[in-house]
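Single-structure report; data block below.
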Amino acid sequence: MKILVLLKQTPDTETKIKISGDGSKIESGDVKYIINPYDEFAIEEALKIKEKAGAGEVVICSFGNDSIKELIVKGLAMGADRGLLINNEGLENADSLTIAKVLAAAAKSENAELIFCGKQAIDDDNMHVGIMVAELMNWPHVNVLSSFALNGKTARVEREVEGGQVEVYDVELPAVFGANKSLNTPRYASLPGIMKAKKKPFDLKKPGDIGVDAGALKSGIKSVITGYRNPPEKPAGKVFKDEDVSVMVEKVVKLLREEAKII
Amino acid sequence: MKVLVFIEQRDGKIKSSAFEALTIGAKLAGSAADCAAVIVGSGVESLAAQAKGFGCDTVHVVDGSDFKNYNPANYCAAVEAAIKGHGAKVVVGTASPMGRDIFPRLAARFDGAIATDLVEISMNGNNVQGIKPMYAGKCLANVALQNAPVQFVTIRPNVFKAENTGAGAANVSKLTVSAVSGSRIKTIEVRKGKSEKADLTEAHVIISGGRALGNAENFKILHACSDVIGATVGASRAAVDSGYASHDMQVGQTGKTVNPSLYIACGISGSIQHMAGMRTSKVIVAVNTDPEAPIFKVATYGIVGDLFKVVPELTEKFKKLLS
Numbered sequence: 001m002k003i004l005v006l007l008k009q010t011p012d013t014e015t016k017i018k019i020s021g022d023g024s025k026i027e028s029g030d031v032k033y034i035i036n037p038y039d040e041f042a043i044e045e046a047l048k049i050k051e052k053a054g055a056g057e058v059v060i061c062s063f064g065n066d067s068i069k070e071l072i073v074k075g076l077a078m079g080a081d082r083g084l085l086i087n088n089e090g091l092e093n094a095d096s097l098t099i100a101k102v103l104a105a106a107a108k109s110e111n112a113e114l115i116f117c118g119k120q121a122i123d124d125d126n127m128h129v130g131i132m133v134a135e136l137m138n139w140p141h142v143n144v145l146s147s148f149a150l151n152g153k154t155a156r157v158e159r160e161v162e163g164g165q166v167e168v169y170d171v172e173l174p175a176v177f178g179a180n181k182s183l184n185t186p187r188y189a190s191l192p193g194i195m196k197a198k199k200k201p202f203d204l205k206k207p208g209d210i211g212v213d214a215g216a217l218k219s220g221i222k223s224v225i226t227g228y229r230n231p232p233e234k235p236a237g238k239v240f241k242d243e244d245v246s247v248m249v250e251k252v253v254k255l256l257r258e259e260a261k262i263i
Numbered sequence: 001m002k003v004l005v006f007i008e009q010r011d012g013k014i015k016s017s018a019f020e021a022l023t024i025g026a027k028l029a030g031s032a033a034d035c036a037a038v039i040v041g042s043g044v045e046s047l048a049a050q051a052k053g054f055g056c057d058t059v060h061v062v063d064g065s066d067f068k069n070y071n072p073a074n075y076c077a078a079v080e081a082a083i084k085g086h087g088a089k090v091v092v093g094t095a096s097p098m099g100r101d102i103f104p105r106l107a108a109r110f111d112g113a114i115a116t117d118l119v120e121i122s123m124n125g126n127n128v129q130g131i132k133p134m135y136a137g138k139c140l141a142n143v144a145l146q147n148a149p150v151q152f153v154t155i156r157p158n159v160f161k162a163e164n165t166g167a168g169a170a171n172v173s174k175l176t177v178s179a180v181s182g183s184r185i186k187t188i189e190v191r192k193g194k195s196e197k198a199d200l201t202e203a204h205v206i207i208s209g210g211r212a213l214g215n216a217e218n219f220k221i222l223h224a225c226s227d228v229i230g231a232t233v234g235a236s237r238a239a240v241d242s243g244y245a246s247h248d249m250q251v252g253q254t255g256k257t258v259n260p261s262l263y264i265a266c267g268i269s270g271s272i273q274h275m276a277g278m279r280t281s282k283v284i285v286a287v288n289t290d291p292e293a294p295i296f297k298v299a300t301y302g303i304v305g306d307l308f309k310v311v312p313e314l315t316e317k318f319k320k321l322l323s
């Protein structure tokens with residue numbers, strides 16, 4: 001079975017987000033980029049499925065600039081078989097649906113039989129692309145996946161929703177699944193894995209190579225970010241110290257009731 | 001502007017955030033006649049009356065055993081039918097697990113525009129514009145939609161106020177929709193959660209613990225306090241990674257972004273990734289032994305002290321106050 005894993009690069013979670021002076025963009029200078037954390041669970045699940053089947057191919061696919069190549073290679077070092085990077089030149093400001101159209105075209109050109117991705121990217125927090133790819137392929141999807149068990153062509157899967165509730169589905173493949181943290185524990189790349197990764201096949205393609213008209217996509221962008229700003233600063237709070245615990249607690253509880261009017 | 005609002009229900013109960021969505025939908029529509037809603041489920045027709053006064057004249061009801069539990073394919077088909085039936089140009093919902101699942105799928109189906117998790121929203125001519133938090137709230141982005149046959153938007157729960165203005169008859173209009181034939185996704189069951197408490201993303205009060213709790217057992221002092229003030233218990237990534245709390249309790253950039261009225265952080269130093277997920281809480285109380293802990297920079301009220309002494313004291317004082 002050919003499994004496609006969709007990968008996005010995101011700033012490290014410890015990154016401070018700096019906005020340019022005119023508010024038009026996020027400064028990328030000091031940002032350390034990582035594989036979107038949820039995508040690592042997607043890679044791990046794809047590798048487990050392939051190992052269990054004893055056959056198949058795991059292809060890691062991304063849409064973006066050349067800097068993503070080294071992150072895809074990290075996925076290859078974990079054990080994936082091949083990298084596929086679709087260059088986004090001219091489409092850097094693509095919205096989620098435009099990106100989904102490119103990735104769906106990639107999945108079709110690859111004849112993918114199963115797609116995994118992270119449940120969301122931690123930069124835009126959108127939770128759009130995987131679900132949209134499923135719709136564009138006319139495949140089912142389950143997002144926020146916490147459990148996956150394949151039996152023949154049908155997967156019994158679980159999805160985590162609010163209040164600790166779990167929705168259980170039977171999904172006939174092909175389908176798209178968005179991984180949550182509770183799905184598995186991603187492996188570390190082994191040293192031999194890292195050595196081998198550099199020699200694994202890696203395809204660099206342009207949208208035209210997979211039958212996508214980049215110009216038409218660009219003029220079809222429907223969601224635009226027109227500016228950024230910092231969240232409002234919190235006014236300095238009242239911090240109590242060096243007093244008896246019961247006195248400090250008394251003061252805070254009183255403030256919660258009389259000033260904040262919240263208890 | 002023709003607007004459709006998705007009223008989310010689970011187990012025959014309408015989500016409180018659905019009334020926030022109705023309020024926003026009515027404002028965007030400009031009149032109750034142009035604003036309609038859709039409710040999907042089994043035995044849900046009687047729920048429509050609750051929308052009365054929230055600004056929509058029509059509530060489309062898709063009712064049937066196939067819709068008892070959430071199923072992405074069937075629910076999307078139901079909302080799709082309501083969009084077409086009403087001729088909606090804007091569809092409004094909430095950024096709940098269900099809303100986050102349905103809206104992107106329908107945006108792709110209609111080749112529409114989408115903006116989700118908005119904390120501000122308005123019309124610019126016929127186009128929706130709004131503000132959405134990114135990087136778990138480390139920054140805010142202005143989003144503008146354009147050139148779309150249908151625009152899909154979700155609002156963040158607990159941000160907008162639900163207002164019953166008295167306008168809107170909420171007349172029931174039954175829509176006949178069948179389950180998707182040949183669908184390759186079947187809902188087997190929905191397992192109930194262990195907790196009766198509100199989910200972190202919807203909670204009005206949260207009390208969270210960090211690595212300073214020391215072990216899973218010690219979270220019981222937070223649970224004791226949460227029982228008194230009706231709070232949901234959360235945790236920092238450090239506590240989750242140390243195995244003291246489960247992942248669904250994690251607040252922060254790789255956990256949940258929360259927006260309660262009151263957030264009590266106990267033994268949490270305040271990493272960038274944690275604070276990103278909770279900084280929009282209206283009131284923040286921090287308890288930490290380290291006076292230099294970054295969490296005090298965002299705290300409305302802080303207590304420098306040992307959480308094992310402070311939290312039980314808080315619980316007692318809350319108990320006295322609320323009895």
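Keeping their order, the protein sequence lines are chains A and B. 1 is the number of the first residue of the first sequence in the numbering used here; add one for each residue after it. 1 is the number of the first residue of the second sequence in the numbering used here; add one for each residue after it. Idealized CB from N, CA, C, for every residue including glycine.
Checklist entry - For valine 153 of chain B versus phenylalanine 110 of chain B, is the C-beta distance shorter than 8 Å? => result no
Checklist entry - In chain B, what lies closer than 9 Å to valine 245 of chain A by C-beta? => result Ile303, Gly305, Asp306, Lys309, Val310, Glu313
Item to check | Top-ranked residue by Cα proximity to glycine 64 of chain B, from B/Ala81, B/Glu45, B/Ala82, B/Cys76 | outcome: The residue with the shortest Cα to Cα distance from glycine 64 of chain B is B/Glu45.
Next on the checklist: Can you tell me whether serine 190 of chain A is buried or exposed? The criterion is at least 16 other CB atoms within 10 Å of its CB, across all chains shown.
Outcome noted: Exposed, since its Cβ has fewer than 16 Cβ neighbours within 10 Å.
Item to check | For leucine 114 of chain A, the residue or residues it bridges with in DSSP | outcome: A/Ile3
Checklist entry - Any C-beta of chain B sitting closer than 8 Å to the C-beta of alanine 100 of chain A? => result Yes, alanine 100 of chain A lies at the interface with chain B (some Cβ there is under 8 Å from its Cβ).
Checklist entry - Just how far apart, CA to CA, sit proline 312 of chain B and valine 249 of chain A? => result Computed Cα separation, rounded: 10 Å.
Next on the checklist: If we define contact as Cβ-Cβ less than 8 Å, is proline 291 of chain B a contact residue for chain A?
Outcome noted: yes
Item to check | threonine 23 of chain B, buried or exposed, once every other Cβ within 10 Å from all chains shown has been counted against 16 | outcome: buried
Item to check | Nearest candidate by alpha-carbon position, reference aspartate 290 of chain B, set A/Val176, A/Glu113, A/Lys241, A/Tyr38 | outcome: A/Lys241
Checklist entry - Just the Cα atoms here: how many angstroms apart are glycine 85 of chain B and glutamate 167 of chain A? => result 29 Å
Item to check | Nearest candidate by alpha-carbon position, reference tyrosine 188 of chain A, set A/Ala236, A/Glu44, A/Glu89, A/Ala107 | outcome: A/Glu44
Checklist entry - Applying the criterion that 16 or more other CB atoms from any shown protein chain within 10 Å of the CB defines a buried residue, is arginine 328 of chain B buried or exposed? => result Residue coverage of chain B in this structure runs from 1 to 323, which leaves residue 328 of chain B outside it and unanswerable.
Checklist entry - CB-CB under 7 Å to histidine 274 of chain B, same chain, minus the five flanking residues each way: which ones, in chain order? => result Ser236, Arg237, Val251, Gly252, Ile268
Checklist entry - What residue does the beta strand (DSSP E) around phenylalanine 67 of chain B start on, and which one ends it? => result Neither: phenylalanine 67 of chain B is in no beta strand (DSSP E) and is coded neither H nor E.
Checklist entry - What are the residues of the region 168–196 of chain A that lie near chain B, defined by any Cβ-Cβ distance shorter than 9 Å? => result Val168, Tyr169, Asp170, Val171, Glu172, Leu173, Pro174, Ala175, Asn180, Lys181, Ser182
Item to check | Reference glycine 220 of chain A; option with closest CA among A/Leu91, A/Ile17, A/Asn36 | outcome: Here the closest residue by C-alpha is A/Leu91.
Next on the checklist: Quick check on leucine 4 of chain A - is its C-beta less than 8 Å from some C-beta in chain B?
Outcome noted: no
Checklist entry - Can you find a C-beta in chain C that's less than 8 Å from the C-beta of isoleucine 17 of chain A? => result The structure shown contains no chain C; the protein chains it does contain are A and B.
Next on the checklist: Here's the rule I'm using: 16 or more other beta-carbon atoms within 10 Å means buried, otherwise exposed. How should valine 171 of chain A be labelled?
Outcome noted: buried
Next on the checklist: For chain A, check one thing: does any of its Cβ atoms lie closer than 8 Å to the Cβ of serine 16 of chain B?
Outcome noted: no
Checklist entry - If you draw a straight line from the C-alpha of histidine 141 of chain A to the C-alpha of glycine 193 of chain A, how long is it? => result Roughly 31 Å separates the two Cα atoms.
Next on the checklist: 8 Å is my cut-off, CB to CB: does asparagine 87 of chain A come that close to chain B?
Outcome noted: Chain B contact via Cβ: absent.
Next on the checklist: Contact between the region 176–188 of chain A and the region 44–55 of chain A is defined here as three or more beta-carbon pairs at a separation below 8 Å; is this criterion met?
Outcome noted: They touch, by the three-pair rule.
Item to check | Interface residues of the region 132–150 of chain B facing chain A [CB-CB below 9 Å] | outcome: Lys132, Pro133, Met134, Tyr135, Ala136, Gly137, Lys138, Cys139, Leu140, Ala141, Asn142, Val143, Ala144, Leu145, Gln146, Asn147, Ala148
Item to check | Amino acids of chain A, ordered along the chain, whose beta-carbon sits closer than 9 Å to that of threonine 94 of chain B | outcome: Under the 9 Å cutoff, chain A gives no residues; its nearest Cβ is about 11 Å from threonine 94 of chain B.
Item to check | As assigned by DSSP and simplified to three states, the class of proline 186 of chain A | outcome: coil
Item to check | Which of helix, strand or coil DSSP assigns to cysteine 225 of chain B | outcome: It is helical.
Item to check | Residues that methionine 123 of chain B bridges to, as DSSP identifies them | outcome: B/Val128
Next on the checklist: Measuring alpha carbon to alpha carbon, tell me which residue in A/Val129, A/Val212, A/Ile17, A/Gly208 is nearest aspartate 101 of chain B.
Outcome noted: A/Val129
Checklist entry - Since glutamate 8 of chain B and glycine 99 of chain B are thought to touch, with beta carbons under 8 Å apart, how far apart are those beta carbons, to the nearest angstrom? => result Indeed they touch by this definition, with Cβ atoms about 6 Å apart.
Next on the checklist: Tell me the DSSP secondary structure of serine 219 of chain A in three-state form.
Outcome noted: helix
Next on the checklist: Taking contact to mean 3 or more Cβ pairs, one atom from each stretch, closer than 8 Å, check whether the region 168–188 of chain B and the region 67–83 of chain B are in contact.
Outcome noted: Yes, they touch.
Checklist entry - Listing by chain order, which chain B residues have their CB less than 9 Å from the CB of isoleucine 43 of chain A? => result Those do not exist, as isoleucine 43 of chain A stays about 16 Å from chain B at its closest Cβ, beyond 9 Å.
Checklist entry - DSSP state of threonine 187 of chain B, grouped into three classes? => result strand
Checklist entry - Which residue from B/Ala115, B/Lys317, B/Ala21 puts its Cα closest to that of cysteine 35 of chain B? => result B/Ala21
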